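Trainee:
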Amino acid sequence: MSQQSSGKFITLEGGEGVGKSTNLQFITGWLEHRGIDYVQTREPGGTPLAEQLRTLLLEKREEAVDPTAELLMVFAARAQHLNTVIKPALAAGKWVVCDRFTDATYAYQGGGRGLDRALIAQLEQTVQGALRPDRVLLLDLDPEIGLQRAASTGAADRFESEQAAFFRKVRAAYRARADVAPERYAVIDAAQPLAGVQAQLARELETIASNQ
Ligand SMILES: Nc1ncnc2c1ncn2[C@@H]1O[C@H](COP(=O)(O)OP(=O)(O)O)[C@@H](O)[C@H]1O
Ligand SMILES: Cc1cn([C@H]2C[C@H](O)[C@@H](COP(=O)(O)OP(=O)(O)O)O2)c(=O)[nH]c1=O
Numbered sequence: 001m002s003q004q005s006s007g008k009f010i011t012l013e014g015g016e017g018v019g020k021s022t023n024l025q026f027i028t029g030w031l032e033h034r035g036i037d038y039v040q041t042r043e044p045g046g047t048p049l050a051e052q053l054r055t056l057l058l059e060k061r062e063e064a065v066d067p068t069a070e071l072l073m074v075f076a077a078r079a080q081h082l083n084t085v086i087k088p089a090l091a092a093g094k095w096v097v098c099d100r101f102t103d104a105t106y107a108y109q110g111g112g113r114g115l116d117r118a119l120i121a122q123l124e125q126t127v128q129g130a131l132r133p134d135r136v137l138l139l140d141l142d143p144e145i146g147l148q149r150a151a152s153t154g155a156a157d158r159f160e161s162e163q164a165a166f167f168r169k170v171r172a173a174y175r176a177r178a179d180v181a182p183e184r185y186a187v188i189d190a191a192q193p194l195a196g197v198q199a200q201l202a203r204e205l206e207t208i209a210s211n212q
């Protein structure tokens with residue numbers, strides 16, 4: 001019967017190398033085991049157009065990218081993704097599991113790049129209206145450890161090539177968002193062994209599923 005109830009919008013967040021990919025697999029495995037219908041997607045990306053914008057955002061280039069241009073590209077991709085993938089899935093009663101969403105914008109463009117949070121909030125309102133994730137699963141990790149882990153998984157993209165100070169600001173911005181709205185965030189210590197991370201994720205998923 002619970003499969004008939006409304007879809008949930010879950011996002012997975014954190015800095016580089018915190019274990020998002022590894023734990024996304026765990027989350028989708030958990031949903032499949034429960035027979036919950038879901039859509040797995042990511043930002044920037046999730047539609048052909050938004051994936052093209054992702055490529056433009058992530059590739060390293062000679063030209064310095066203006067932070068406001070970066071911000072607008074992120075939200076352009078989000079508008080497309082939200083309206084063509086996320087909203088229809090939620091309306092159909094599916095869960096949406098999204099690898100990053102607007103918290104990443106507050107963390108990277110707000111914290112990392114230093115853009116005005118009020119500008120981000122304005123765009124958030126314009127693009128999303130009242131839509132926010134039901135629960136943000138925030139994998140929290142010292143960026144030095146995260147970057148070491150990420151280094152083992154391929155060449156660094158434009159964001160991964162930033163300096164350590166950038167990632168410290170990203171982490172602080174994520175944590176600040178969780179601190180002011182603890183009811184919407186699950187902060188998970190991603191430094192612990194994977195089994196501990198996943199035990200905590202499973203508890204979170206149980207709680208979300210039972211709040212239908
Ligand atoms: N809790 C953990 N403890 C130790 N290593 C981990 C943990 N979680 C993930 N890893 C490893 O760290 C690396 C990066 O993980 P990954 O899931 O690709 O991170 P992300 O998608 O956030 O960049 C992988 O080699 C993965 O096996
Ligand atoms: C969604 C989003 C992502 N990003 C950045 C964070 C990441 O560095 C990058 C997306 O990469 P990510 O999803 O971490 O993919 P991978 O683990 O394969 O590198 O985009 C922003 O700067 N702002 C945003 O709003």
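With UniProt numbering, letter number 129 in the sequence shown gets 129, and the count goes up by one each step, no holes. Positions of the beta carbon are idealized from the N, C-alpha and C atoms, including for glycine. Remember, it's a predicted structure, so these values are computed and weren't measured experimentally.
#1: Run the CB neighbour count on His-81, radius 10 Å, all protein chains shown included, and call it buried at 16 or more, exposed below.
#2: For Leu-137 and Leu-201, which I take to be in contact (beta-carbon distance under 8 Å), what is that distance rounded to the nearest angstrom?
#3: Over the uninterrupted alpha helix (DSSP H) stretch that includes Asp-179, give me the two end residues.
#4: Quick one: what's Ala-186 bridged to in DSSP?
#5: Can you name, in chain order, every residue of its own chain whose Cβ lies under 7 Å from the Cβ of Leu-53, other than the five neighbours on each side?
#6: Just to confirm my understanding: we take Arg-117, look at its own chain, exclude 5 residues before and 5 after, and list those with CB closer than 6 Å. What are they?
#7: My parser needs the beta strand (DSSP E) runs of 3 or more residues fully inside the region 32-80; what are they?
#8: Please determine, among Leu-56, Asn-211 and Tyr-106, the residue with the shortest C-alpha to C-alpha distance to Glu-124.
#9: Can you tell me the Cβ-Cβ gap for Arg-177 and Asp-99, rounded? I've got them flagged as a contact below 8 Å.
#10: Heavy atom of ligand 1 less than 7 Å from the Cβ of Pro-44, yes or no?
#11: Suppose the cutoff is 7 Å on Cβ atoms and the five residues either side in sequence are ignored; what does the same chain contact list for Glu-160 look like?
#12: When we look at the beta-carbon of Leu-12 and count the other beta-carbons within 10 Å, is it buried (16 or more) or exposed?
#13: So if DSSP puts residue 216 in a beta bridge, which residue, or which two residues, is it bridged to?
#14: Sorted by chain position, which residues of the same chain lie with C-beta nearer than 8 Å to Glu-70's C-beta, five sequence neighbours on each side aside?
#15: Based on Cα-Cα distance, which residue from Gln-192, Ile-208 and Ser-210 lies nearest to residue 262?
#16: Using 7 Å as the cut-off, classify the Cβ of Lys-60 as near or not near the heavy atoms of ligand 2, replying yes or no.
#17: For Asp-66, verify whether its CB is less than 7 Å away from any heavy atom of ligand 2.
#18: Whose C-alpha, out of Gln-128, Val-170, Asp-66 and Thr-28, is nearest the C-alpha of Asp-142?
#19: Along the chain, where does the alpha helix (DSSP H) containing Val-197 start, and where does it finish?
Mentor: Considering the structure as presented:
#1: So His-81 ends up on the buried side.
#2: That pair is a contact at about 7 Å.
#3: From DSSP, the alpha helix (DSSP H) with Asp-179 extends over 164-180.
#4: Per DSSP, Leu-137.
#5: Cβ neighbours of Leu-53 beyond the five flanking positions: Pro-44, Met-73, Ala-76 and Ala-77.
#6: Cβ neighbours of Arg-117 beyond the five flanking positions: Gly-110.
#7: You should have 38-42.
#8: Of the listed residues, the one whose Cα sits closest to Glu-124 is Tyr-106.
#9: Actually they are not in contact, since the Cβ atoms of Arg-177 and Asp-99 sit about 17 Å apart, beyond 8 Å.
#10: Relative to the non-hydrogen atoms of ligand 1, the Cβ of Pro-44 never comes closer than 7 Å to any of them.
#11: Excluding residues up to 5 positions away in sequence, Glu-16 and Ala-150 lie with their Cβ nearer than 7 Å to the Cβ of Glu-160 in the same chain.
#12: By the 10 Å Cβ count, Leu-12 comes out buried.
#13: Since the first residue of the chain shown is 1 and the last is 212, residue 216 is not available in this structure.
#14: Leaving aside the five residues that flank Glu-70 on each side, the residues in its chain whose CB is nearer than 8 Å to its CB run, in chain order, Leu-57, Gln-109 and Arg-113.
#15: Any property of residue 262 remains undetermined from this structure, which presents the chain solely from 1 to 212.
#16: No, since every heavy atom of ligand 2 falls outside the 7 Å radius drawn around the Cβ of Lys-60.
#17: A distance criterion of 7 Å places the beta-carbon of Asp-66 beyond contact range of ligand 2, judged by its closest non-hydrogen atom.
#18: Looking at Gln-128, Val-170, Asp-66 and Thr-28, the one whose alpha-carbon comes closest to that of Asp-142 is Val-170.
#19: Residues 194-210.
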